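Please read the structure below before turning to the comments.
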Amino acid sequence: MKAMIFAAGLGTRLKPFTYTAPKALFPIAGKPLLYHIIHQLKKYGFDEIIINVHHFARLIIEYLESENNFGLNIQISDEQNLLLDTGGGIKKAAAFFSSGEPFLVHNVDIISNADLGEFYRFHQKQTNALASLLIKDRETNRYLLWDEKSRLAGWTNIITKEVKPISSINPEDYRKRAFSGIHILSPRVFTYMKDQAEKFSIIDFYLSILHQSNIYGYEPANFQMVDVGKPDNRILAEELIQKLNK
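If you use the numbering used here, the sequence shown corresponds to residues 1 to 246, in order.
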């Protein structure tokens, strides 16, 4: 199975660490974030992985070489000349996913207890699913909106009251859930992306095509996740990793 790890970000929330190193190498429980994500993917059978790089790209490549690519087929999507955002990053890696099978995309700074194998099977069972997003009921200012069949219906900012894709949507008519930074996509997504600019957000893209496709939300029971992009969450992430390693 194939997967992509987003490791190109600038990691501005992890300064001063990211003044001299990429976010992907930020240490959690004595190991870089990238180590934990790769091991999680490997555990669930993802053996072909592409990783996008930009900020301190060479350090990420050298780290992978020092670990012999963890015994996996790992390739690099080089964004050193231009950081392409989440949607653009996926589009650039399209050739890697030419096998026609669904693929998983995982932010490098998300530690979770998600059963990625079960998530993959969920996606495969959905009728004509273009994408499935791992979601959680957690406190945030921005939520994705889901209908009674767990299909994406919109987005809202509860502070500014902004609503997408159309302002006539009433957020109170939908289930509000936050995106976890982990999703599974059908390669058919690249057909929809062909007219997109080189750089674009994957969430804005999903919102722009939700009336043309089926985009589902998956919310497993007892799902725990920690966004390590927030430095204050480091201890929480280490506690979760300890639980996972028991």
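Think of the CB as a built atom: it goes at the ideal place given N, C-alpha and C, for glycine as much as any other residue.
Here the structure is a predicted model, which means the values were calculated and not measured.
* To do: Alpha carbon to alpha carbon, how far is Ile38 from Ile278? Give it in angstroms, no decimals.
  => In the structure displayed, the chain extends from 1 to 246; residue 278 sits before or after that span and is not available.
* To do: Report the rounded CA-to-CA distance for Asn170 versus Ser112, giving the unit in angstroms.
  => Roughly 31 Å between the two C-alpha positions.
* Asked: What separation, rounded to the nearest whole angstrom, lies between the Cα atoms of Lys43 and Met1?
  -> Lys43 and Met1: Cα-Cα distance of roughly 12 Å.
* For the candidate residues Pro187, Asn245 and Ala7, whose alpha-carbon lies nearest to that of Phe103? -> Closest in alpha carbon position to Phe103, among Pro187, Asn245 and Ala7, is Pro187.
* **Under 8 Å between C-beta atoms of Gly87 and Phe200** => Yes, the pair counts as a contact, with Cβ atoms nearer than the cut-off.
* Determine the contact status of Ile202 and Ile90, defining contact as a CB-CB distance below 8 Å. => In contact: Ile202 and Ile90 (Cβ atoms closer than 8 Å).
* Extent of the continuous alpha helix (DSSP H) to which Met1 belongs -> No alpha helix (DSSP H) contains Met1, which DSSP labels as neither H nor E.
* Residue burial classification, Tyr19 (beta-carbon count within 10 angstroms, cutoff 16) -> Answer is exposed; the Cβ neighbour count stays below 16.
* To do: Just mark Asp232 as buried or exposed, buried being the case when its beta carbon has 16 or more other beta carbons within 10 Å.
  => Its Cβ having fewer than 16 others within 10 Å, Asp232 is exposed.
* Candidates Phe119, Asp204, Arg175 and Ala197, of which the one nearest Ala221 by Cα -> When the alpha-carbon of Ala221 is set against those of Phe119, Asp204, Arg175 and Ala197, the nearest one is in Phe119.
* Compute the beta-carbon to beta-carbon distance between Ala29 and Ile241, rounded to the nearest angstrom, for a pair I have assumed lies under 8 Å. => Confirmed, Cβ separation roughly 5 Å.
* Asked: How many Å lie between Ile135 and Glu198 at the Cα?
  -> If I take the Cα positions, the gap works out to 27 Å.
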